[in-house]
Amino acid sequence: MRASRVRVLKVCGLLILAVACLAAALVVPRLPAVRCLLGFQAAVGADLETFDTPPAGFSLLADRARYGVERAWLLPGAEARAPVLVFVHGVAPEGIRDGRIVNAVRAFGAAGFTVVAPELPSLVDPLDPEVPGAGVARLLRAMAEGAVEGVRPDRMGVVGISVGGALALRGCAAFRASGGAGLRAILAIGAPDDMRRPAVGWFEAENTSEADRGTLLWERQNAAEFARNFLLRAGLRRRLGEDPDIAALAAWLATAPVPTEPLTGVTSKAAWEAALWLMAPADLRATERERVLADAASRIEGLSPALFADELSHLRGVPIFLLHGHGDPLIPIEESAHLARRLRQHTVVSVLESHMVGHTSVNEVGLGEKLAHVVQMDDFFALVGR
Numbered sequence: 265m266r267a268s269r270v271r272v273l274k275v276c277g278l279l280i281l282a283v284a285c286l287a288a289a290l291v292v293p294r295l296p297a298v299r300c301l302l303g304f305q306a307a308v309g310a311d312l313e314t315f316d317t318p319p320a321g322f323s324l325l326a327d328r329a330r331y332g333v334e335r336a337w338l339l340p341g342a343e344a345r346a347p348v349l350v351f352v353h354g355v356a357p358e359g360i361r362d363g364r365i366v367n368a369v370r371a372f373g374a375a376g377f378t379v380v381a382p383e384l385p386s387l388v389d390p391l392d393p394e395v396p397g398a399g400v401a402r403l404l405r406a407m408a409e410g411a412v413e414g415v416r417p418d419r420m421g422v423v424g425i426s427v428g429g430a431l432a433l434r435g436c437a438a439f440r441a442s443g444g445a446g447l448r449a450i451l452a453i454g455a456p457d458d459m460r461r462p463a464v465g466w467f468e469a470e471n472t473s474e475a476d477r478g479t480l481l482w483e484r485q486n487a488a489e490f491a492r493n494f495l496l497r498a499g500l501r502r503r504l505g506e507d508p509d510i511a512a513l514a515a516w517l518a519t520a521p522v523p524t525e526p527l528t529g530v531t532s533k534a535a536w537e538a539a540l541w542l543m544a545p546a547d548l549r550a551t552e553r554e555r556v557l558a559d560a561a562s563r564i565e566g567l568s569p570a571l572f573a574d575e576l577s578h579l580r581g582v583p584i585f586l587l588h589g590h591g592d593p594l595i596p597i598e599e600s601a602h603l604a605r606r607l608r609q610h611t612v613v614s615v616l617e618s619h620m621v622g623h624t625s626v627n628e629v630g631l632g633e634k635l636a637h638v639v640q641m642d643d644f645f646a647l648v649g650r
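Letter by letter, the sequence shown follows residues 265 to 650 in the numbering used here.
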């Protein structure tokens with residue numbers, strides 16, 4: 265072999281070694297974040313049928329008087345008194361039995377945290393009368409007072425996904441306003457700033473077509489169907505008052521974003537009008553947008569930081585991380601910019617706009633973007649105190 269070729273091979277070998285060493289230097293100290301992201305890429309299991317048998321390693325907290333919420337998963341960290349992350353879910357009809365929520369708890373647990381995932385009634389059943397996000401503040405106070413065994417009240421972080429990100433911000437603000445301490449950082453993934461903005465697109469979108477299944481158009485239309493259904497149900501109390509048909513109508517609406525089964529057992533005109541609105545063509549639905557939003561105003565407020573902006577001042581000094589996907593079919597990525605500007609009036613905000621995350625999905629991307637996710641997640645974990 266010629267000497268020149270040997271030299272070239274040696275140089276290439278040294279370059280490869282240098283790149284490998286640099287990658288190791290960047291990744292190895294951030295292994296908890298790597299483990300977390302790998303956990304989110306794992307296959308999501310089926311929803312749990314009941315709470316009778318919690319997932320392996322989990323326990324169920326089910327004492328509202330003690331913990332501030334009716335139910336919450338607890339996944340203890342591997343080390344005694346590990347720092348704690350509170351995971352706030354988005355809209356989830358199955359509550360914390362949802363396989364995606366179980367998977368998220370495991371992913372954050374893989375990073376070395378104790379994880380507590382409360383069930384938020386207003387995001388399970390939009391007719392539930394509880395103030396959206398109130399359970400987050402109550403749970404944080406309970407943990408700060410030592411109600412959850414093994415939790416370090418001086419090392420607490422909160423993660424919220426989708427509208428759960430908005431509820432996380434409001435709950436954390438309420439906790440701090442009441443004198444709560446120990447909250448180190450907040451991560452909001454795919455959170456809205458003002459639900460009224462994306463609602464314009466939701467109301468104008470056509471219904472899904474099987475011919476489009478698997479496309480981004482189908483995902484956006486499906487997300488719009490889901491959002492319209494949620495908002496209609498959230499406003500039924502105001503719309504129908506004490507109408508005896510409200511339970512039957514709500515049960516029918518809960519069967520699917522656009523129910524395919526016939527509506528039965530309903531006789532009142534107001535209930536039928538609500539059902540027909542959901543099934544109407546897009547141009548007719550759009551004309552009723554303001555009424556539906558007004559009916560659901562008490563729910564929209566808690567899911568829109570723009571509508572409780574004054575409360576955000578209580579988050580002064582708490583670092584906030586925003587992660588939002590370019591392909592988010594439900595909450596457009598522009599919402600992250602609005603939310604960041606609002607939060608930066610009070611504290612430091614880190615924003616990562618991503619091609620890796622959708623709304624609740626994780627996509628395959630290149631090494632550079634994966635590394636950006638690892639860095640942001642690790643920075644968040646470090647502030648919480650891993």
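Positions of the beta carbon are idealized from the N, C-alpha and C atoms, including for glycine.
Three-state secondary structure assigned by DSSP to residue i
i	result
H590	coil
I595	coil
G424	strand
A282	With a pLDDT of only 41 at A282, under the threshold of 50, the placement of this residue in the model should not be trusted; the figure read from the coordinates follows. The answer is helix: DSSP assigns A282 an H, G or I state.
T314	coil
A344	coil
A520	coil
R448	strand
A604	helix
L290	Confidence at L290 is low in this model, with a pLDDT of 49, below 50, so its placement is unreliable and the value that follows should be read with caution. Three-state DSSP puts L290 in a helix.
V400	helix
T381	The displayed chain sequence assigns Ala, not Thr, to residue 381. In the structure shown, A381 sits in a strand (DSSP, three-state: E or B).
S323	strand
L567	coil
S442	coil
G429	helix
S618	strand
V530	coil
Cβ-based burial, residue i [other Cβ within 10 Å; buried from 16]
i	result
E640	Residue 640 is actually Gln in this sequence, not Glu. The residue in question, Q640, is buried, as its Cβ has 16 or more Cβ neighbours within 10 Å.
G529	exposed
D653	Coverage of the chain is limited to positions 265 through 650, which leaves residue 653 absent and any answer about it impossible.
Q609	exposed
S600	buried
A287	Below a pLDDT of 50, predicted positions are generally treated as unreliable, and A287, at 44, falls in that range; no measurement from the model is reported.
S426	buried
S618	buried
A368	buried
C285	In this prediction, C285 scores a pLDDT of 40, lower than 50, which makes its location untrustworthy; the coordinate-derived value is nonetheless stated afterwards. Exposed: under 16 other Cβ atoms inside 10 Å.
E489	buried
L420	The residue asked about is misnamed: residue 420 is Met in this sequence, not Leu. Flag for M420 reads buried.
R477	exposed
H590	exposed
S568	buried
R580	exposed
A445	exposed
V298	buried
Reference residue i; option with closest CA among the options
i	options	result
A694	V415, V582, L349, E554	No information on residue 694 is available, as it lies outside the stretch 265 to 650 that the chain covers here.
N471	R605, D574, R484	R484
R328	F322, G454, A336	A336
D457	L576, D642, F645	L576
F572	F585, L603, L349, L587	L603
A539	A560, P347, N493	N493
A558	R503, R606, A487, P526	R503
E383	G414, F351, V613	F351
L338	L616, S568, G321	G321
H353	A344, A346, R364, E343	R364
A515	D507, R497, C300, S532	R497
H578	R440, L647, L635	R440
P319	A307, R370, R477	R370
A307	L349, V366, P545	V366
Test item: CB-CB of residue i and residue j under 8 angstroms
i	j	result
G397	G566	yes
A374	G429	no
L391	L500	yes
A408	Y331	no
G376	A346	yes
F585	F644	yes
W536	R549	no
A487	L587	no
R606	A561	no
V380	F372	no
V556	M543	no
V395	L431	no
D507	S473	no
L451	V423	yes
I597	M459	no
D642	G454	no
Distance cut-off 7 angstroms: residue i Cβ against heavy atoms of the ligand ATP
i	result
A297	Summarising the ligand content, the structure contains no ligands, and the ligand ATP is consequently not present.
Contact with chain B by residue i, beta-carbon distance below 8 angstroms
i	result
T479	The chain inventory of the structure shown lacks chain B, comprising one protein chain alone.
Practice task
Determine contact between the segment 425 to 445 and the segment 401 to 410, defined as no fewer than three beta-carbon pairs at a distance below 8 angstroms.
Solution key: Verdict: yes, contact present.
Practice task
Answer yes if the segment 348 to 362 comes into contact with the segment 381 to 401, meaning at least three C-beta pairs across the two stretches below 8 angstroms, and no otherwise.
Solution key: Here the segment 381 to 401 lies against the segment 348 to 362, with 3 or more beta-carbon pairs under 8 angstroms apart.
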